[in-house]
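To keep things clear, I will list the structure first and then write my remarks on it.
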Amino acid sequence: MSKKIIVANWKMNPASLKEAKILFASAKKAASRLSNVETVICPPFIYIAELGHSMSKLKLGAQDVSRFDFEGARTGEVSAKMLKNLGVKYVIIGHSERRRLGETNEIINKKIGISLSLGLKVIFCVGEETRDEEGKFAEIVEQQINEGLKGLSQNLMKGLIIAYEPVWAISGNAKSKADNSESAFQMAIFIRKILMDIVGNELARKTPILYGGSVGPSNAKQFLKDGQMEGLLAGNKSLDKEEFKKILIIAENINAD
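The working numbering numbers the first residue of the sequence shown as 3 and each following residue consecutively.
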């Protein structure tokens, strides 16, 4: 059985390097005791170089990446090559909080292609803003996937991970509420069918699908076991040392069962 992938998206937190080191040290200690979990920490850009010196069993990730594939007059941009040179192994692309700032499927497609071509593993976020009874939300997710992966070779997409994160469930939203495992499982099946049309059955089956959106110790087992997700993308709870540790232990025990 493959390892569960647990991703900590710290977003724009914490406020100081000192706090980041404390948070990182806690995750590192917890991950050192695990054998069935791939733990990925995605801190803000400014902490990556400092935290990357002592990864141990942790993997370093980035929360975003530039859509430009070469360095130059790109004020404020951070390239995939820069991230790779700092020891980054994973990159989150297409998060709804980036889409809300104007990131289009076309931009996301460029970011995915560049990152995969450099050997970075891409955590490609997809998810609907709202859930409607007519099922139009599924069409939105399908469009995100098709346009996000447009023109990419099957060989490149071996480094792809899909994170299904319904926007209405993200903990940063005032009225957020986690999806249920049955619904998430159905979406995972739907996403895998879309992938089969793009990359073929074999690679689609091997592509990990994670769940994100108000993830915590109270529902981690539900999504990993009942929802049969290959991992979780945690936001708010990844900033709580004890809560994140609990999520890791739950994931470890799921694979040990």
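Even for Gly, the Cβ is constructed at its ideal location relative to N, Cα and C.
*Is the stretch 197-210 in contact with the stretch 242-255, if contact means three or more CB pairs nearer than 8 Å?*
Contact between the stretch 197-210 and the stretch 242-255 is not established, with fewer than three Cβ pairs separated by less than 8 Å.
*asked:* I need the straight-line Cα distance from V93 to N87, nearest angstrom please.
replied: Here residue 93 corresponds to residue number 91 of the sequence shown, with the count starting at 1. Here residue 87 corresponds to residue number 85 of the sequence shown, with the count starting at 1. So the two alpha carbons sit approximately 13 Å from each other.
_8 Å contact criterion, which A190 and M231 should meet: CB distance rounded_ = Within the sequence shown, residue 190 is the residue found at index 188, counting from 1. Within the sequence shown, residue 231 is the residue found at index 229, counting from 1. About 7 Å separates the two Cβ atoms, so the contact holds.
*From the DSSP output, in three-state form, read off L64 for me.*
If you number the sequence shown from 1, residue 64 lands on position 62. Contrary to the premise, residue 64 reads as Ala rather than Leu in this sequence. In the structure shown, A64 sits in a strand (DSSP, three-state: E or B).
_I'd like to know whether the C-beta atoms of L212 and I163 end up nearer to each other than 8 Å._
By 1-based counting over the sequence shown, the position of residue 212 is 210. By 1-based counting over the sequence shown, the position of residue 163 is 161. Their beta carbons are under 8 Å apart, which means L212 touches I163 by this criterion.
_Host beta strand (DSSP E) of E167 (start-end)_ = Position 165 of the sequence shown, counting from 1, holds the residue named residue 167. Per DSSP, E167 belongs to no beta strand (DSSP E) and is neither H nor E.
*Indicate whether L205 and Q145 have their beta-carbon atoms separated by less than 8 Å.*
Stepping through the sequence shown from its first residue, residue 205 is reached at position 203. Stepping through the sequence shown from its first residue, residue 145 is reached at position 143. Not in contact: L205 and Q145 (Cβ atoms no closer than 8 Å).
_Can you give me the C-alpha to C-alpha distance between V67 and A82, rounded to a whole angstrom?_
For the purposes of this step, residue 67 is taken as residue 65 along the sequence shown, with counting starting at 1. For the purposes of this step, residue 82 is taken as residue 80 along the sequence shown, with counting starting at 1. Computed Cα separation, rounded: 6 Å.
*To which residues of the same chain is K59 closer than 6 Å at the C-beta, ignoring the five residues directly before and after it?*
For this step, residue 59 is matched to residue 57 along the sequence shown. For K59, where only same-chain residues beyond five positions count, the Cβ hits under 6 Å are A33 and S34.
*asked:* Please state the DSSP three-state secondary structure of K208.
replied: Stepping through the sequence shown from its first residue, residue 208 is reached at position 206. K208 falls in the helix class under three-state DSSP.
*Could you spell out the range, first to last residue, of the alpha helix (DSSP H) harbouring A140?*
Position 138 of the sequence shown, counted from the first residue, corresponds to residue 140. Segment K138 to G150, the alpha helix (DSSP H) holding A140.
*Three-state secondary structure assigned by DSSP to K91*: Numbered from 1 along the sequence shown, position 89 holds the residue referred to as residue 91. The answer is coil: DSSP assigns K91 none of H, G, I, E or B.
_Proximal residues to N108 (C-beta, below 8 Å), its chain only, five neighbours per side dropped_ = One-based indexing of the sequence shown puts residue 108 at position 106. It should be noted that the sequence gives Glu, not Asn, for residue 108. Excluding positions up to five away in sequence, the list reads E149.
*Does the ligand SAH have a heavy atom nearer than 7 Å to the CB of V9?*
For the structure depicted, the ligand SAH is absent and the ligand set is empty, with no information on it obtainable.
*Do you know how far the Cα of A140 is from the Cα of I48?*
In the sequence shown, the residue the question calls residue 48 occupies position 46. In the sequence shown, the residue the question calls residue 140 occupies position 138. Rounded to the nearest angstrom, the gap between the Cα atoms of I48 and A140 is 36 Å.
*What is the DSSP secondary structure of A276, reduced to helix, strand or coil?*
Because the chain spans 3 through 259 in this model, residue 276 falls outside it and cannot be assessed.
*Helix, strand or coil for A10, going by three-state DSSP, please let me know.*
If you number the sequence shown from 1, residue 10 lands on position 8. DSSP places A10 in strand when its eight states are reduced to three.
*May I ask you to report which of helix, strand or coil DSSP gives V201?*
Residue mapping note: residue 201 aligns to position 199 of the sequence shown, counting from 1. Helix, per DSSP.
*Return the residue from the list C44, R102, V39 and P219 that minimises the CA-CA distance to N15.*
Residue 15 sits at position 13 when you count from the first residue of the sequence shown. It is C44 whose Cα lies nearest to the Cα of N15.
*Same chain only: Cβ atoms within 8 Å of L120, ignoring 5 sequence neighbours per side*: Indexing the sequence shown from 1 puts residue 120 at position 118. Answer for L120: A82, K83 and K86, listed in chain order.
*Quick one: give me the first and last residue of the alpha helix (DSSP H) that S29 is part of.*
Counting from one through the sequence shown, the residue named residue 29 turns up at place 27. Checking the sequence, you will find Ala at residue 29 rather than Ser. Run containing A29: L19 to A33, per the alpha helix (DSSP H) assignment.
*asked:* Please return the same chain residues whose Cβ sits closer than 7 Å to the Cβ of S98, not counting the five positions on each side in sequence.
replied: Within the sequence shown, numbered from 1, the residue matching residue 98 stands at position 96. Result list for S98: C127, G129, E167, V169 and I172, in chain order.
*In this structure, does DSSP put L85 in helix, strand or coil?*
Here residue 85 corresponds to residue number 83 of the sequence shown, with the count starting at 1. DSSP places L85 in helix when its eight states are reduced to three.
_Among S183, V39, G63 and N111, the one whose alpha carbon lies nearest that of S216_ = Counted from its first residue, the sequence shown places residue 216 at position 214. Checking every option, the nearest Cα to that of S216 belongs to S183.
*asked:* Short of 6 Å in beta carbon distance, which residues of its chain neighbour L154, apart from the five on each side in sequence? Order them along the chain.
replied: Counting from 1 along the sequence shown, the entry for residue 154 is found at position 152. Answer for L154: G115, listed in chain order.
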